[in-house]
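Worksheet: the structure to be examined is printed underneath.
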């Protein structure tokens, strides 16, 4: 097994605590929370192995892709993809796993974190990971700010379209604003604004990493 610097020991203790917490959550019947917490442990262990244990916005998918690009071997790649997908479904309350699924998620998390402790990633790759994920943190914040602005703009466009439609139904035609023009504007603005709001929310949900 690879040896780890003192600075990493605290992070590994956090991983162990997450695994124990996942088991407690399962005992209390919280299968969704148990899966999420187990996968938080997996995510943390991969961060530590790649030398970026302190960068909380280094999300699991980005870590996986970085490791693949740098030819860093990851155990059970297909299982890792599967449990990441299930975790995301649980995060957004789209899916509630069965007790057996939650048990398997914890089993996988224990297996993966143990393997991650034994990973001996080259220092050159760790330095590259730090540079890459620090840059990614900045772009992540910019993406969140952009999606917030898109949501606000979409909401305003939707509201303008809805108000125009309301104005159309409650008032008499005006020469400066023909009936057809107002109708076309409202029919374009309402779905466009609603679509922008939905897309911005989906982007935030997809990119949002769990608080760890």
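In the working numbering, the protein residues as written are 810 to 1021. C-beta: ideal position from N, C-alpha, C; glycine also. Just so we're clear, the structure is a prediction, and the values are computed from it rather than from any experiment.
- Boundaries cannot be given for residue 863, as no alpha helix (DSSP H) includes it and DSSP labels it neither H nor E.
- In this structure, the beta-carbon distance from residue 899 to residue 826 does not fall below 7 Å.
- When C-beta atoms of the region 924-938 are compared with those of the region 844-859, three or more pairs fall below 8 Å, so the two segments count as touching.
- Within its own chain, the residues whose Cβ lies closer than 8 Å to the Cβ of residue 871, once the five positions on either side in sequence are excluded, are 942 and 945, listed in chain order.
- In the three-state DSSP reduction, residue 884 falls in the coil class, being neither helix nor strand.
- With distances taken between CA atoms, residue 828 lies nearest to 911 out of 911, 971 and 868.
- Here residue 1004 is exposed: its Cβ has fewer than 16 other Cβ atoms, across all protein chains shown, within 10 Å.
- In this structure, residue 862 lies near residue 820, with their beta-carbon atoms less than 7 Å apart.
- Around the beta carbon of residue 838, fewer than 16 other beta carbons sit within 10 angstroms, so the residue counts as exposed.
- In the three-state reduction of the DSSP assignment, residue 978 falls in the helix class, which pools H, G and I.
- Within the same chain, Cβ atoms closer than 8 Å to the Cβ of residue 977 are found at 988, 991, 992 and 995, the five residues on either side in sequence being excluded.
- The beta carbon of residue 959 sits closer than 6 Å to the beta carbons of 1005 and 1009 from its chain, once the five residues preceding and following it are set aside; these are given in chain order.
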